Amino acid sequence: MNRLTLILALCASLITATASAGTVAGHGNSTIDLPNIGKVLEVLNVAGYTYLHLEGKDKKEWVAGKAKEVKEGDVVRYSKGSIMRNFFSKTLNRTFPEILFTSAIQIEGAHPTPASTAATSTLSNTSAGQQDNVTESTAVSAIDSGGYTYIEAKQGDKTTWLAAPKTAVKAGDAIRYASDSAVMKNFYSKTLNREFPEILFVGEVQVIQ
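Quick note: the sequence shown uses our numbering, first residue 23, plus one each step.
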């Protein structure tokens, strides 16, 4: 059994022992959902973002999130997120065949930070009044393209573009999402042939009933 397999096996045992599978205790009574784990093979840091090439139990993948101090050889956990295919990074001048945009990356064994708590999977039980990083707003427009839904969300005088896995959302819907997700500036969507000055990649958007 190699070192990574052993680490993964040990981590799986620890997760099983927690109150709910796939969660790690955070500050106070909060939890953070970090179901994915991998060993860092390569690190690319650019303009507030960290791109990681990770080796998991069954595959290798690229993951992008907020800037994080990570080095090759570290084992990290990361939350679910939005997968983008054929993603082109202007700052790196590189196309990634597939990359996962995640809202939380944590080095294995480190304590979760307040900014990374309350994962998107807890949206159904969370309101903006309960967690600072959960936002409720109104959908102004929604576009389905390439397996994703691009949502123009408005809260007060502020408008934010969101990208999420395909979701049934229409103009006028009240929605909820994790606002601490990965933000990309000057993002170009090939399927829409459109550039967004700023867009928030979220793992889930929930329509509030």
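Every residue, glycine too, gets a C-beta built ideally from N, C-alpha and C.
As the structure is a computational prediction, the values presented were derived from the model and not from experiment.
Compute the Euclidean distance between the alpha carbons of residue i and residue j, then round it to the nearest angstrom.
| i | j | result |
| --- | --- | --- |
| Glu120 | Gly178 | 35 Å |
| Val162 | Ala196 | 10 Å |
| Lys93 | Lys192 | 42 Å |
| Glu77 | Lys188 | 27 Å |
| Val227 | Ile165 | 14 Å |
| Asn115 | Pro219 | 17 Å |
Since residue i sits in a beta bridge, which residues does DSSP pair it with?
| i | result |
| --- | --- |
| Lys61 | Glu77, Val97 |
| Ile230 | According to DSSP, which records beta bridges pairwise, Ile230 is partnered with nothing at all. |
| Gly103 | Thr124 |
| Pro187 | Tyr170 |
| Asn67 | Thr72 |
Who are the near neighbours of residue i in its chain, counting only those whose CB is closer than 6 Å to its CB and skipping five residues on each side?
| i | result |
| --- | --- |
| Asn215 | none |
| Met206 | Ile221 |
| Tyr73 | Leu66, Ala86 |
| Ile127 | Gly87, Lys90, Val98, Tyr100 |
| Arg107 | Glu120 |
Report yes if the C-beta of residue i is less than 7 Å from at least one heavy atom of the ligand HEM; otherwise report no.
| i | result |
| --- | --- |
| Phe223 | The ligand HEM is not part of this structure, which contains no ligands at all. |
Less than 8 Å between C-beta atoms, sequence neighbours within five positions excluded: which residues of the same chain meet that for residue i?
| i | result |
| --- | --- |
| Thr160 | Ala175, Lys176, Gln177, Gly194, Asp195, Ala196, Ile197 |
Which same chain residues end up closer than 7 Å to residue i when comparing Cβ atoms and leaving out the 5 residues on each side of it in sequence?
| i | result |
| --- | --- |
| Phe223 | Gly103, Ser104, Phe123, Ala185, Ser203, Ala204, Met206 |
I believe residue i touches residue j by the beta-carbon criterion, under 8 Å. Please report the beta-carbon distance rounded to the nearest angstrom.
| i | j | result |
| --- | --- | --- |
| Asn208 | Lys81 | About 29 Å separates the two Cβ atoms, so there is no contact after all. |
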